[in-house]
Amino acid sequence: MKVGILASSLRRRFISTQQTNDINQAIGLWNKEISLIHGTNPERPRQLDCLAECYLDKGQALESIEDLNKAVQLTERALGRVSSSRPGDPDLWMSLANRLNQRFLVSRSTIDLDRAVGAAHAAVLLTPEEHLLRPVRHEVHGTMLLNQYHSNGSVEDLESAIWAFHAGLEVASEGHPVVPGLLGCLGCCYGDMYDYTGSLDDLNKAVESLTGTAVAMSQDHPHLLGNLNLLGKMLNKRYEHTGSMADIDYSLDTLQKAMDMMPRHNRLRFDIMSNLSTSLTLRYSRTNSIGDLQSAINMMESVLQATPQGNRDYAARLGKLGALLSTRHDIHRSVDDLDRAITLLKTAIDLESNNDIGRALDMNNLAGGLFKRFNDTRSFDDLDEAITIFKDAATILPETHPERWMIFENLLRCYRKLGNDTIDDQIEVSLQGWNCQNSPPSTRIPLASVAAGLLNFKSRWGEASEILETAVSLLPSVSPRALKSSDQQNVLRKFPGLASLAAATALNAGKSPADALNLLESGRGVMAALLFETRAEIADLTSSHAGLANQFISLRNELDTPSGATSLSSVDKDIPMEMHAKQRRDLDAQFNTVIREIRSKPGFETFLIRPKAESLLAAASSGPIVILNANSWRCDAFIIDTHSIQLLPLPQFEVSGIKSEFNVDSESLENLWDVMACPVLDKLGFLEPPRGGDLPHVWWILTGSLSRLPIHAAGYHQEGSFDTVMDRVISSYSTQKTETFTVKFRGRQFILFDTPGFDDTRRGDGEILIDIAETLSASYKSKLKLSGIVYLHRIKDEKVSNGIQRNFDMFRYLCGDNFFSNVFLVTTFWDELKDNETGEKRERELLKKPDWWSEMKSKGSQIRRFSNTQQSAVDLLWEVAGLPPVVLQVQKEMVEQGLDVVNTTAGVALNHELADLRAKFEKEIESLVERQEKARLQQDEHLPKMLEEQEKKKTAFPGGTPSPRAGITDRYIRMEREKKTLSERIQTLEKQSQLEQDAAKTRMDQVMDDFNKVMAQLKDEKADASQNSAKVADLEREKYEVEAMGLKWKTEMDRLTLEVQKLQEQQKLSSASEKAYLDSRILQLQAQKTSSTSSFWASLTSLTQLGQFVLKLVEEVA
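Residue numbers for the sequence shown follow our numbering, so the first one is 1 and each next one is one higher.
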């Protein structure tokens, strides 16, 4: 027993000091002890195990395979000595597993690893489920299976490892110390599984597990930093898959937290820095912040400098720095950056094993660098070498790897440089990239678009159409509801024109106009009717399956709540961020499950999928709908009326002609008539102006770049010509001023108007008022009534500016009091606030102000928040559409009362505002005239000239009433100019005032200098002021003494107070006699406090005298 204690102490000291003499002595002691014990002694297996542990420690420290062999052999002997009455000792089996695994790490022998996995499994089976070590042994078993997967790449081993870790979690009791480790291992496994499957679900599980372990581990847990590092790495991968900026922010916070906790000389520090550089690089790719890229490069330079060349991570870090330098070359075009990047990447590749996945990725970056150098130098040797390396990389990187698509995208770029002779090669590599099933859809869809375009070039329309139809169907998956709206928009921005290309290719492949239109609608959602068809379907669902409808609405509303980012300042704060993200993912999964269940019900098979043809026909009940679609392959008009969907090809139109801004001139409008507008109107049968003057209504929907075309103005506008769109039909569609479009909702037609505000810097309020008033009056004349108005207010604005106030006032004048119950006052930009509390405070202020929302709310206006999602917009419009139609005040005044715009309530209010501005300006001018006279008397040459110019502007101010459009606008412009002149004058006066203040300050500084000189003289001239000098010195000394006394007094007071408190606590538990003693002691201490306080305040008298004396000196100097 004593030998065992001594040997164990020597072993522990060796672990601490690495002195081999200690471990050799421990081995000698155990060998001697074992030699003295009979082979059948039950203690012999334990002693052999202890000796094996010593050899293991020595072998690990010295990387000695002989010592590791000895450790394994001794453990096997110990297992052989176990009593035959026992099936096996789980402790010894676990020891054997650990020692075989350690030998594998040195020898890299797969036989050792296989045996280690088997031994660990045996230990698990021999350990009862309720035993505290059962979950620990599951962890060891799973770790060895994970090592086996890393060695042989067998996904079965990875799945078995996941099973082992889950089994450990199932048998671990609550609070078991092994739980964090099990979660961390699970996170690592799911990260590896994502690399194999490309499944976002696996990546989410990895992040969830690692978040759980980071929260469960204590701050001093030895594995906490490793798990935080791995969590940051997984978050980076998830950002690359989904494009969620929250993941990058979360990753940066997590890794920075790990860095702050990391001991400076810990080797893991450099791995964390490497992952942190990846996070910064990914943020640079999204924000283009060069500072992030430079920080990432600086970080990797430091990491590489600290990494020995023999380190297993050296090659990977070389490659990473090379990739970063290649990226910086894209910004600065530095030849040195690119050359060094290529050199580093080549060195890294030479150091990496042939089948290493990291080698394939470095080869991809190296070939990318060579391609960049080809672009700079036009050296085809670089291009040929790049193509060869890309092809080799594709053979190394597994087909299941999520980043495989990059190689084919880069190969495609190379082949494009070789021209049309490589079209077949371009098709092949773009299809290979598209077929990387485990890569994120957001990376595959652009390759599908390229492949389809190339197939179209070869007239292989059918193949191209099938690819594009599948690509369009993937769009919902690249923008799931679980993502924030800004992230959704960023992802979808990568696929411009996909739906347009899909529709055109479908037509060329011989598919029907309805099929092509469905593709266009599925990809773009260009018809607002589709949004409201959703509502119609929900209404039908509610009447048939109320429970499912309620689930659908509830989940949809939760998902459409904006998800904010959480900033981490401690590990504990990781919970809200990832748990909130997981909650949204779970909601998304439930939402999709409910949709599948709805589609299983009779009559709802196409719920939320595509509009039925008959729905599109019904949408044209108030006039034909013309959808114009154009791309480089063809231009078509889809003409929809109540009976059919017709296709009208427009072969003369060239989409290349509208890539720049459309020039609105006679020639352009005539050409637009010839190639587009006239063929469409002829097809509709509108061959000439109607005789009765009642123009038919046509609804235009222009997709993509066609939206720039003023098709309503197309035609020949010479006198006597009726070949114009305006002469034949009334057009409704998106314009540059008021946007107008129609939607179908519950079998009725609704028209939506989007009007400009009264804060446009390029247009006068009068012009805007006329635009809005004429649009509204025209709609009323056409018997179109408004159900409601949505007023949008930016909640991010810190204060209500004059422009916003004027905007709101004009809005009220246009509506009138009787319409307030049909108004929705909606706040926007909530997702751009740092916290909702700020927005809620501003919202309350809006509701309190009588001249803002208070009065309107009291008269029935409703308050809503817009969450910047499509569903939020639909929900809002759903409420508006349900209100009874009402006539606006401006509509009544212009249509029923026959007033022109100037004489409406809004027009009069605007005139009053302009008149007030004029009166204000005239008053300012009168004031300036008075000052001009004073300035003249003071012989100021500059001010009179400025005032004379101001007087000229005054006399030029119009006095008559101009035409409704020009008069209001001209007067407003002139007043704005005068306002600007006055502002400049005010600035001049402010500058003069500042100069006076500066002069006063200079004078004050001079006075203070004089004062300081006098004070110095009081001390220097001892003959004349010796008494004062002595007094000053005495008082200064007393001042320091009082300060020291004050500090001492405070310390004494704190001590006495604490002692009194302790005595008072003792009183509560003491006897009567003890209480009497404690009472007297407390009184004594309180008396000491009183005495000390009195002494202290008395000592302050001298300090007060010092103040009085200095004040007297100041008065004398003054």
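Backbone N, C-alpha and C define an ideal beta-carbon position, used for all residues, glycine too.
Would residue i pass as a contact of residue j if the rule is Cβ separation under 8 Å?
i: V680; j: L647; result: no
i: P454; j: I427; result: Residue 454 is actually Leu in this sequence, not Pro. Cβ distance < 8 Å, so L454 and I427 count as in contact.
i: L228; j: A206; result: no
i: L507; j: R312; result: no
i: N438; j: N410; result: no
i: H697; j: G623; result: yes
i: S326; j: L338; result: yes
i: W673; j: A637; result: no
i: I389; j: A360; result: no
i: L203; j: K237; result: yes
i: T213; j: G232; result: no
i: R77; j: L48; result: yes
Comparing the CB of residue i with every heavy atom of the ligand NAD, is any distance shorter than 7 Å?
i: Q294; result: The ligand NAD is not among the ligands present in this structure, which contains no ligands whatsoever.
Using the rule of at least 16 other Cβ atoms within 10 Å of the residue's Cβ for burial, across every protein chain shown, is residue i buried or exposed?
i: V136; result: buried
i: D195; result: buried
i: A448; result: buried
i: Q102; result: buried
i: E129; result: exposed
i: V335; result: exposed
i: N355; result: exposed
i: A504; result: buried
i: I772; result: buried
i: Q432; result: buried
i: F380; result: exposed
Measuring only the C-alpha atoms, how far is residue i from residue j?
i: G462; j: L498; result: 16 Å
i: N435; j: D831; result: 37 Å
i: N288; j: Q294; result: 11 Å
i: M144; j: A161; result: 8 Å
i: E654; j: N629; result: 12 Å
i: G547; j: R599; result: 14 Å
i: E399; j: F374; result: 28 Å
i: L344; j: S442; result: 30 Å
i: N592; j: I553; result: 12 Å
i: I1127; j: D362; result: A question about residue 1127 goes unanswered here, because the residues of the chain that appear run from 1 up to 1118.
i: E352; j: I396; result: 12 Å
i: T110; j: A116; result: 10 Å
i: R46; j: I5; result: 14 Å
i: G685; j: I625; result: 14 Å
i: M245; j: L520; result: 29 Å
i: R444; j: S279; result: 23 Å
i: G322; j: A316; result: 10 Å
i: L846; j: W853; result: 6 Å
i: F819; j: L876; result: 18 Å
i: D67; j: K58; result: 7 Å
In three-state DSSP terms, what is residue i?
i: F14; result: helix
i: N21; result: helix
i: G715; result: strand
i: D797; result: coil
i: P649; result: strand
i: N420; result: helix
i: H138; result: helix
i: C436; result: coil
i: V729; result: coil
i: W700; result: strand
i: D723; result: coil
i: D192; result: helix
i: A509; result: coil
i: I789; result: strand
i: V178; result: coil
Enumerate, from N- to C-terminal direction, the unbroken beta strand (DSSP E) stretches of 3 or more residues contained entirely within the region 838 to 912. 862 to 865
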